[in-house]
Amino acid sequence: NEDFVGHQVLRITAGDQAQVDKVKELQDLEHLQLDFWRDPAQAGSPIDVRVPFPSIQSVKIFLEAHDISYKVMIEDVQLLLEEEQAQMSAARARVR
Amino acid sequence: AQSTSTFNYATYHTLEEIYDFMDLLVAENPQLVSKIQIGNTFEDRPIYVLKFSTGGDNRPAIWIDTGIHSREWVTQASGVWFAKKITEDYGQDPTFTAILDNMDIYLEIVTNPDGFAFTHSTNRMWRKTRSRTPGSLCIGVDPNRNWDAGFGQPGASSNPCSETYRGKSANSEAEVKSIVDFVQDHGNFKAFISIHSYSQLLLYPYGYTADPVPDKEELDQLAKSAVNALSSLYGTKYKYGSIIKTIYQASGGTIDWSYNQGIKYSFTFELRDTGFRGFLLPASQIIPTAQETWLALLTIMEHTLNHPY
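For the protein sequence lines, the chains are A and B, in the order given.
Note that my numbering has the first sequence beginning at 16, numbered continuously upward.
Note that my numbering has the second sequence beginning at 59, numbered continuously upward.
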């Protein structure tokens with residue numbers, strides 16, 4: 016299974032169209048391996064992006080440098096996946 | 059599960075478990091439910107649709123698909139719940155019984171089987187199909203950018219490594235082509251509802267152009283009614299509107315194609331995320347999500363029944 020240890024999901028709030036456009040620039044940076052769960056669209060609409068661990072610092076610095084607000088929506092994706100797997104295993108065990 | 063009554067609707071299931079569930083449902087309700095194979099995936103998995111029908115030839119029909127983006131697990135799980143709900147409510151709920159007495163319902167629970175299997179085996183975050191692109195190491199096409207509706211226009215990517223890669227041509231994906239062929243061969247679909255997650259939206263065409271659809275006023279009113287019905291159960295807040303106005307420009311999308319085929323009541327849902335969990339919605343929210351969505355579906359289906367065209 017692919018490992019998502021340390022991957023965070025950030026919820027970004029772009030205050031105006033210029034900030035939306037800045038976030039769109041991030042989409043073009045393939046080396047960051049970003050996975051947009053909710054794409055940049057309009058100012059005020061949340062933008063959710065999964066950031067692999069090695070890219071977290073770069074992305075946060077980019078956002079802060081452009082005064083774009085964000086918060087960490089999911090601290091560690093892998094922890095949620097493990098929780099999900101445990102729940103599914105428990106459900107199967109109950110059936111057996 | 060030994061029967062669909064003992065099936066656990068409050069947990070996520072693998073492709074095999076869902077396909078077994080479908081067989082159980084058909085076996086338990088042979089007069090109402092049948093399973094149709096409409097094609098095979100890139101990796102040669104069968105693509106199944108459940109047909110709910112009380113008789114008649116080629117009745118007007120309603121299409122519902124769930125899970126074209128494989129990682130949106132609450133959609134496939136909701137599809138399973140809808141299938142059971144249909145068998146339970148027929149003959150019990152007068153509104154729904156009237157719908158199924160006059161129309162057929164086709165439900166595709168796992169619309170992207172290869173991708174769904176991959177989310178269970180290898181990469182929980184996989185969204186696309188699993189087809190190969192010659193000359194690229196990247197795999198998969200976004201099946202919600204591969205339809206013949208504004209295909210190739212802004213709002214999709216030509217880069218095979220992108221999550222919104224549109225594919226080399228419209229209908230290049232077997233998962234899309236199978237539906238296109240099936241819907242066109244049938245020729246009598248009156249509603250087409252494609253279900254995604256997350257972000258709590260009910261959308262109507264268009265996504266590839268800002269031009270309003272000719273039926274905008276009616277679709278907007280119907281979306282409003284459907285969202286009100288949905289919210290009445292648990293207070294879940296939805297926005298509604300056209301794709302391009304409500305989220306962003308997206309070309310090659312499913313319901314833009316269905317609308318352009320003449321299926322007026324074309325909608326797409328983005329189901330719940332109330333807990334900031336995105337695609338990792340806790341399984342405890344599957345049933346509430348499906349329950350509230352069902353109310354919106356009923357609203358659209360009832361309107362379709364009462365407004366023949």
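Each residue gets a CB set at the ideal place from its N, CA and C atoms; glycine is no exception.
Cutoff 7 angstroms: residue i Cβ touching any chain B Cβ
i, result
"Leu-25 of chain A", "no"
"Ala-106 of chain A", "yes"
"Glu-17 of chain A", "yes"
"Leu-95 of chain A", "yes"
Minimum Cβ-Cβ distance from residue i to chain A less than 7 angstroms
i, result
"Ala-175 of chain B", "no"
"Ser-257 of chain B", "yes"
"Thr-169 of chain B", "no"
Beta strand (DSSP E) segment containing residue i, residue limits
i, result
"Gln-23 of chain A", "23–28"
"Glu-166 of chain B", "162–166"
"Gln-370 of chain B", "Nothing in the structure corresponds to residue 370 of chain B, since chain B is present only between 59 and 367."
"Val-87 of chain A", "84–89"
"Ile-120 of chain B", "119–124"
"Lys-28 of chain B", "Since the first residue of chain B shown is 59 and the last is 367, residue 28 of chain B is not available in this structure."
"Phe-79 of chain B", "Run containing Phe-79 of chain B: none in the beta strand (DSSP E); it sits in the alpha helix (DSSP H), 73–86."
"Leu-329 of chain B", "323–329"
"His-46 of chain A", "His-46 of chain A -> no beta strand (DSSP E), and no H or E assigned at all."
"Ser-255 of chain B", "247–255"
Contacts of residue i in chain B (Cβ-Cβ under 7 angstroms)
i, result
"Ile-71 of chain A", "Those within 7 angstroms of Ile-71 of chain A in chain B number zero; the least Cβ separation is about 16 angstroms."
Under 9 angstroms by beta carbon: chain A residues contacting residue i
i, result
"Ala-341 of chain B", "Glu-99, Gln-102, Met-103 and Ala-106"
Alpha helix (DSSP H) segment containing residue i, residue limits
i, result
"Val-285 of chain B", "274–292"
"Trp-139 of chain B", "131–147"
"Asp-239 of chain B", "232–244"
"Glu-99 of chain A", "92–110"
"Ser-316 of chain B", "312–318"
"Ile-345 of chain B", "344–364"
"Val-199 of chain B", "Counting along the chain, Val-199 of chain B falls outside any alpha helix (DSSP H), and DSSP gives it neither H nor E."
"Lys-226 of chain B", "It is not in any alpha helix (DSSP H) - Lys-226 of chain B carries neither H nor E in the DSSP assignment."
"Ser-73 of chain A", "71–80"
"Phe-174 of chain B", "171–179"
Residue i: contacting residues in chain A (beta-carbon distance under 8 angstroms)
i, result
"Ala-59 of chain B", "Val-110"
"Asn-66 of chain B", "Ala-106, Arg-109 and Val-110"
Interface residues of chain A facing residue i [CB-CB closer than 7 angstroms]
i, result
"Thr-312 of chain B", "In chain order: nothing, as chain A lies at least about 17 angstroms away."
"Thr-57 of chain B", "An answer regarding residue 57 of chain B cannot be provided, because it is not within the stretch 59 to 367 covered by chain B."
Notebook entry, point to check: At a cut of 8 angstroms, does the stretch 249–264 of chain B reach the stretch 287–298 of chain B through at least three beta carbon pairs?
Noted result: Output reads yes: the stretch 287–298 of chain B touches the stretch 249–264 of chain B.
Notebook entry, point to check: Using Cβ-Cβ distances below 9 angstroms, what residues of the stretch 33–67 of chain A are close to chain B?
Noted result: Cβ contacts with chain B come from Gln-42, Glu-45, Asp-50, Phe-51, Trp-52, Arg-53, Asp-54, Pro-55, Ala-56, Gln-57, Ser-60, Pro-61, Asp-63 and Arg-65.
Next item on the list: Could you list the residues in the stretch 209–239 of chain B with a C-beta less than 9 angstroms from some C-beta on chain A, going in chain order?
Entry: Of all residues in the stretch 209–239 of chain B, only Asn-217, Cys-219, Ser-220, Glu-221 and Thr-222 come within less than 9 angstroms of chain A when Cβ atoms are compared, listed by chain position.
Margin query: Count Cβ pairs between the stretch 342–359 of chain B and the stretch 128–146 of chain B that sit closer than 8 angstroms; are there 3 or more?
Written below: Flag = yes, the stretch 342–359 of chain B and the stretch 128–146 of chain B touch.
Check: Per the contact definition of three or more C-beta pairs closer than 8 angstroms, is the stretch 95–103 of chain B in contact with the stretch 230–240 of chain B?
Finding: Yes, the stretch 230–240 of chain B touches the stretch 95–103 of chain B.
Notebook entry, point to check: Are the stretch 93–101 of chain A and the stretch 42–54 of chain A touching, with three or more C-beta to C-beta distances below 8 angstroms?
Noted result: By the criterion of at least three beta-carbon pairs nearer than 8 angstroms, the stretch 93–101 of chain A is not in contact with the stretch 42–54 of chain A.
Next item on the list: Compile a chain-ordered list of the residues in the stretch 72–89 of chain A whose CB is closer than 9 angstroms to at least one CB of chain B.
Entry: Hits within the stretch, in order: Met-88 and Ile-89.
Item checked: Inter-stretch contact at 8 angstroms, needing at least 3 Cβ pairs: the stretch 100–114 of chain B / the stretch 163–170 of chain B -> Because the criterion of three Cβ pairs below 8 angstroms is met, the stretch 100–114 of chain B and the stretch 163–170 of chain B touch.
Next item on the list: Check each residue of the stretch 178–211 of chain B: if its Cβ is closer than 8 angstroms to any Cβ of chain A, include it; give the result in chain order.
Entry: Contact annotation: in the stretch 178–211 of chain B, residues whose CB is within less than 8 angstroms of a CB in chain A are Ser-179, Thr-180, Asn-181, Arg-182 and Met-183.
Check: For the stretch 334–361 of chain B, which residues have a beta carbon sitting closer than 7 angstroms to at least one beta carbon of chain A?
Finding: Taking 7 angstroms as the upper bound on Cβ-Cβ separation, chain A lies near residues Phe-334, Arg-335, Gly-336, Phe-337, Leu-338 and Ala-341 of the stretch 334–361 of chain B.
Check: Should the stretch 153–163 of chain B be regarded as contacting the stretch 307–316 of chain B, the criterion being three or more beta carbon pairs within less than 8 angstroms?
Finding: By the Cβ rule, the stretch 153–163 of chain B does not count as touching the stretch 307–316 of chain B, because fewer than three pairs are nearer than 8 angstroms.
Check: Between the stretch 292–320 of chain B and chain A, which residues of the former have CB atoms less than 7 angstroms from a CB of the latter, in chain order?
Finding: Correct list: Ile-305 and Tyr-306.
Next item on the list: Specify whether the stretch 173–185 of chain B and the stretch 278–292 of chain B touch according to this definition: at least 3 beta carbon pairs, one from each stretch, less than 8 angstroms apart.
Entry: No, the stretch 173–185 of chain B is not in contact with the stretch 278–292 of chain B.
Margin query: Between the stretch 118–138 of chain B and the stretch 239–252 of chain B, can you find at least three pairs of beta-carbon atoms closer than 8 angstroms?
Written below: Flag = yes, the stretch 239–252 of chain B and the stretch 118–138 of chain B touch.
Note to self: For the stretch 352–360 of chain B against the stretch 330–340 of chain B, do three or more pairs of beta-carbon atoms, one drawn from each stretch, fall closer than 8 angstroms, so that the two count as touching?
What the structure shows: With fewer than three CB-CB distances shorter than 8 angstroms, the stretch 352–360 of chain B does not count as touching the stretch 330–340 of chain B.
Check: Are three or more beta carbon pairs between the stretch 19–31 of chain A and the stretch 50–67 of chain A nearer than 8 angstroms?
Finding: Flag = yes, the stretch 19–31 of chain A and the stretch 50–67 of chain A touch.
Check: Does the count of Cβ pairs from the stretch 213–228 of chain B and the stretch 181–201 of chain B closer than 8 angstroms reach three?
Finding: Touching, yes.
Notebook entry, point to check: Would you call the stretch 324–331 of chain B and the stretch 69–76 of chain A touching, i.e. three or more CB-CB distances under 8 angstroms?
Noted result: The stretch 324–331 of chain B makes no contact with the stretch 69–76 of chain A; the number of CB pairs closer than 8 angstroms stays below 3.
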